[in-house]
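Note sheet for the following structure.
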Amino acid sequence: MKNTHPIDRWLRLALAIGLAQWAYFWLTSAAQWPVYAVAAILGGTALLQFCPVYRWLGVSTASRSSGEVGMAWKALGWAALLALLVGGSYGSAAFSRKLFLEEFNAMNHFYKQTLFLTGKNEREKANADYDRLMPAWLAFQSKYTKYRPYALRTDTQLSADLVSVQAMLSGVEPAVRSGDLHQAHLDLEKVRPVFQDMLKRNGFSLLSVALVDFHDNMEQMLDAAQARDVQKIIQLYPAVSDKLRQVEEQANDAEIQAIRQHLDALMAMAQADKRDGLSGQADKLKSSFVKVYLQRG
Numbered sequence: 004m005k006n007t008h009p010i011d012r013w014l015r016l017a018l019a020i021g022l023a024q025w026a027y028f029w030l031t032s033a034a035q036w037p038v039y040a041v042a043a044i045l046g047g048t049a050l051l052q053f054c055p056v057y058r059w060l061g062v063s064t065a066s067r068s069s070g071e072v073g074m075a076w077k078a079l080g081w082a083a084l085l086a087l088l089v090g091g092s093y094g095s096a097a098f099s100r101k102l103f104l105e106e107f108n109a110m111n112h113f114y115k116q117t118l119f120l121t122g123k124n125e126r127e128k129a130n131a132d133y134d135r136l137m138p139a140w141l142a143f144q145s146k147y148t149k150y151r152p153y154a155l156r157t158d159t160q161l162s163a164d165l166v167s168v169q170a171m172l173s174g175v176e177p178a179v180r181s182g183d184l185h186q187a188h189l190d191l192e193k194v195r196p197v198f199q200d201m202l203k204r205n206g207f208s209l210l211s212v213a214l215v216d217f218h219d220n221m222e223q224m225l226d227a228a229q230a231r232d233v234q235k236i237i238q239l240y241p242a243v244s245d246k247l248r249q250v251e252e253q254a255n256d257a258e259i260q261a262i263r264q265h266l267d268a269l270m271a272m273a274q275a276d277k278r279d280g281l282s283g284q285a286d287k288l289k290s291s292f293v294k295v296y297l298q299r300g
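Numbering-wise (our numbering), the sequence shown opens with residue 4 and increments by one.
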């Protein structure tokens, strides 16, 4: 016996869709199933047009005939449910992806600062940023060990990466605190390719990936400049320029154009055999890159 009104059934279906999306896109695996169960009950009672609880309580919302709801309203109701299903799913997928990237970038900022400061041999500042990095990292690791955004749902490597990065970040603490800062910097560098691969395989932040790829080649050119090896600079330039071109394909504002200018200037000095100015020009190139990388890498 039917005991639910069409509007009642529509509300049940809408709530069932919303709960299913909440469980699928936003909850951990353990928390999903109770919500799925509630969504299934609401959807089932809506489709059967019968609510056992109403019968137990002796009430009914089917006081008006379903025939009083015109075809136009029914079509509008189904269209609204379809819009909720498609729009809610798309929005949840996009927003959960965006939230992951924002939380990653917030944590990664402290990682980059700690990496940069250990490279500059500034222990006090490196310790301060390491103290900010670890709580941010632990919160990030804890959340994404249990929960997977839709964009990372098929990433079978993520759990292993989180464990690996945790070991590297915690293992470097003695060196950051009071040990060899250069070794700490080298150990922290090992985290970067793990992050890079994680972003790349999940389609995140193409600019960030391009910047990291460029950095690896640029460092070889900087080393050659410090060694005043003009032939090696000339040899390395095509590969470095190609990597920078990949960055420029993602963004080419004034700050990135400055990287290009300093890179080309270094190449021009090498071709002119101006060895005395190579080190200074290399520093300008690195500074222009670091400025962009700290903000957007």
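For glycine and all other residues, C-beta sits at the position ideal for the given N, C-alpha and C.
None of the values given here were measured: they were computed from a predicted structure.
A direct Cα-Cα distance of roughly 13 Å separates Leu16 from Tyr39.
The residue among Leu281, Leu161, Ala178, Leu165 with its C-alpha nearest the C-alpha of Leu141 is Leu165. At a cut-off of 3 residues, not a single continuous stretch assigned as beta strand (DSSP E) sits fully inside the segment 198 to 276. Shown here for Ala285: same chain residues with a beta carbon closer than 7 Å to its own, the five before and five after excluded, namely Leu225, Ala228, Gln229, Leu269 in chain order.
Here the segment 96 to 115 does not lie against the segment 41 to 58, with fewer than 3 beta-carbon pairs under 8 Å apart. Pairing Gln144 with Arg100, the inter-Cα distance amounts to about 16 Å. Around the beta carbon of Tyr93, fewer than 16 other beta carbons lie within 10 angstroms, which makes this residue exposed. In the three-state reduction of the DSSP assignment, Phe107 falls in the helix class.
Remark: C-beta atoms of Arg231 and Leu281 approach each other more closely than 7 Å. About 7 Å separates the CB atoms of Val295 and Leu214; that is less than 8 Å, so the two are in contact. Per DSSP, the unbroken alpha helix (DSSP H) holding Ala129 starts and ends at 126 to 149.
The three-state secondary structure of Phe113, taken from DSSP, is helix. Rounded to the nearest whole angstrom, the CA to CA distance from Ala65 to Arg135 is 59 Å. The Cβ-Cβ distance between Ala96 and Tyr147 does not fall below 7 Å.
Ranked by Cα distance from Ser167, the options Ser181, Leu191, Cys54 are led by Leu191. The three-state secondary structure of His8, taken from DSSP, is coil. If the five residues before and after Lys128 are omitted, its C-beta is found closer than 6 Å to the C-beta atoms of Leu120, all from its own chain and listed in chain order.
Cα atoms of Glu252 and Gln260: separation of roughly 12 Å, rounded to the nearest angstrom.
Nearest to Gly91 by C-alpha distance, out of Arg58, Ala23, Lys5, is Ala23. The beta carbon of Cys54 is closer than 7 Å to those of Asn6, Thr7, Thr48 in its chain, skipping five residues each way along the sequence. In the displayed model, Arg156 falls within coil according to three-state DSSP, outside both helix and strand. Cβ contact annotation for Asp11 (same chain, cutoff 7 Å, sequence separation greater than five): Thr64, in chain order.
The alpha carbon of Ala139 has as its nearest neighbour, out of Arg156, Leu210, Ser291, Ser173, the alpha carbon of Ser173.
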